[in-house]
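Numbering of the sequence shown is given in my numbering, commencing with residue 33 and proceeding in unit increments.
Notes follow the structure.
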Amino acid sequence: MPRALEPQQAPSFFVRGPSPLARLVLFSALSLALIATDSRLHYLTELRQGLIALMHPLQVVANAPFNLYHSTAEYLTTHTTLVENNRQLSQQALTDGAKLQRLNELEVENEHLRSLLGASQVITQPARLAEILHMGRDPFSQKMVVNLGSRQNIEPGQAVMDGEGVIGQVTRVYPFSSEVTLITNKELSIPVQIERNGLRAIAFGAGVDNVLDLPYLPVNVDIQEGDRLITSGIDGVYPVGLAVAEVIKIERNPDSTFATITSQPLAGVKNHRQVLLISIPKIEPALGTVINKADSTAGDNDAKPAPKENSPTPSAGQNANR
């Protein structure tokens, strides 16, 4: 049996409502009415606040990408700036540290030069300022090289000192440099005397840094730890009274004839770069030698016959006898 025809609804495309213009006018009028009413009665304030509260999470979610981008950009910019500032500050700190170290080095060098100037004014022989080029190639040789040589009238045997005391002696001279043997070298000895009582001795190098030995002194010798050793000047090389070392250890063995005495040099050869080269003193003849030479000269003059004035010649004498 055929199905009864049901009423068909028209498609929504063909359903026509108010025109868009009518809708615009209607909603505009409604908006104006609500605005005017709200401005006078304020009855939509609570509704507006509620809607704002409901919309706040949506606003946060909507602004999240922008806030994330802004925060990331600010973080990266701040991080880059901090890294650059840190690099500049680190470089500045290194530069300032180097300048400070150089300043400290210059202050120490200036103080050392002042001490050398004071030492050069104390000694009577002429002295020249030299700079240490390097230590000896053999670390056990106890030698060093300075920048003055034969072209600067440096001679073997000149004493070398700094502001604290004796360092060594020039042992080999080249045209533009000289080799200095330190007083700690085993092959070098220096005549000294105890500053406290004037007792004389010979100090020998021990072959190691900062050690001098005083052998051949009896067990009962008058010497104490802390005594200063100065040059005695009897060798004619080192001026009298230069500081050499300080006694640091004394061993007195009753079974031994001699005491074992160890001293430490006062000069800081490895702490500074400048030293003084003292000229070799000119040995003047002793007064007795000068007197003897004068007497011998006078004796020679007396032994010679004095010339006779107005004496006749032999031929004249013979004529007179005739």
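The beta-carbon is built from N, C-alpha and C at its ideal position, and this holds for glycine as well.
Here the structure is a predicted model, which means the values were calculated and not measured.
When you compare the region 224 to 234 with the region 243 to 260, are there three or more beta-carbon pairs, one atom per stretch, that lie closer than 8 Å?
yes
Assuming L274 and V198 are in contact, meaning their beta carbons sit under 8 Å apart, how far apart are those beta carbons, in whole angstroms?
Rounded to whole angstroms, the Cβ separation of L274 and V198 is 5 Å, and the two are in contact under 8 Å.
Taking one C-beta from the region 215 to 225 and one from the region 180 to 188 each time, how about it: are there three or more such pairs within less than 8 Å?
no
Is Q157 closer than 8 Å to I310 when the C-beta atoms are compared?
Between I310 and Q157, the C-beta spacing is below 8 Å.
Within the chosen definition, does the region 167 to 175 reach the region 284 to 295 through at least 3 CB pairs nearer than 8 Å?
Flag = no, the region 167 to 175 and the region 284 to 295 do not touch.
What residue range is occupied by the uninterrupted beta strand (DSSP E) comprising A277?
275 to 283
Less than 8 Å separating the beta-carbons of A235 and I222?
yes
Starting from F172, trace the alpha helix (DSSP H) both ways and give me its first and last residue.
Where F172 is concerned, there is no enclosing alpha helix (DSSP H), given that its DSSP letter is neither H nor E.
Less than 8 Å between the beta carbons of V205 and V307, yes or no?
no
In whole angstroms, what separates the C-alpha of K302 from that of H166?
10 Å
What is the C-beta distance between V243 and T294, in whole angstroms, given that I count them as a contact (C-beta under 8 Å)?
6 Å
Given this structure, state the Cα-to-Cα distance separating P50 from L66, to the nearest angstrom.
22 Å
Cβ of I266 within 8 Å of Cβ of Q190?
no
Please classify A299: does DSSP put it in a helix, a strand, or coil?
coil
Do A299 and E211 have their C-beta atoms closer together than 8 Å?
no
Under 8 Å by Cβ, that's how I've got Q225 and I262 pegged, so tell me the actual separation to the nearest angstrom.
6 Å
Within the same chain, show all residues whose beta-carbon is closer than 6 Å to that of L76, passing over the 5 residues directly before and after it, in chain order.
Hits under 6 Å: D70.
Give the straight-line distance between the Cα atoms of T127 and T113, rounded to the nearest whole angstrom.
21 Å
Going by C-alpha to C-alpha distance, which of V269, N142, D170 sits closest to G200?
V269
Between I282, A233, K281, S209, which has its C-alpha nearest S264's C-alpha?
Relative to S264, the option among I282, A233, K281, S209 whose CA is nearest is A233.
Using 8 Å as the threshold, is the C-beta distance between E283 and A291 below it?
yes
When we look at the beta-carbon of P52 and count the other beta-carbons within 10 Å, is it buried (16 or more) or exposed?
With fewer than 16 Cβ atoms within 10 Å of its Cβ, P52 is classed as exposed.
Tell me the residue span of the alpha helix (DSSP H) that contains R260.
That residue, R260, is in no alpha helix (DSSP H); its beta strand (DSSP E) goes 260 to 263.
With DSSP collapsed to three states, give me the class of K325.
Bear in mind that the predicted position of K325 carries a pLDDT of just 46, short of 50, making it too unreliable to give a figure here.
Can you give me the C-alpha to C-alpha distance between V93 and Y107, rounded to a whole angstrom?
21 Å
May I ask which residues mark the beginning and end of the alpha helix (DSSP H) holding R183?
Premise fails: R183 is in no alpha helix (DSSP H) and is neither H nor E.
Is T203 helix, strand or coil when you go by DSSP?
strand
With DSSP collapsed to three states, give me the class of L231.
coil
Taking buried to mean at least 16 other C-beta atoms within 10 Å of its own C-beta, is G181 buried or exposed?
buried
Count the other C-beta atoms from every protein chain shown that fall within 10 angstroms of the C-beta of S209, then say buried if there are 16 or more, exposed otherwise.
buried
Considering only residues of the same chain and omitting the five flanking positions on each side of L64, which have a CB-CB separation below 8 Å?
none
Sorted by chain position, which residues of the same chain lie with C-beta nearer than 7 Å to L246's C-beta, five sequence neighbours on each side aside?
A233, A235, I293, S295
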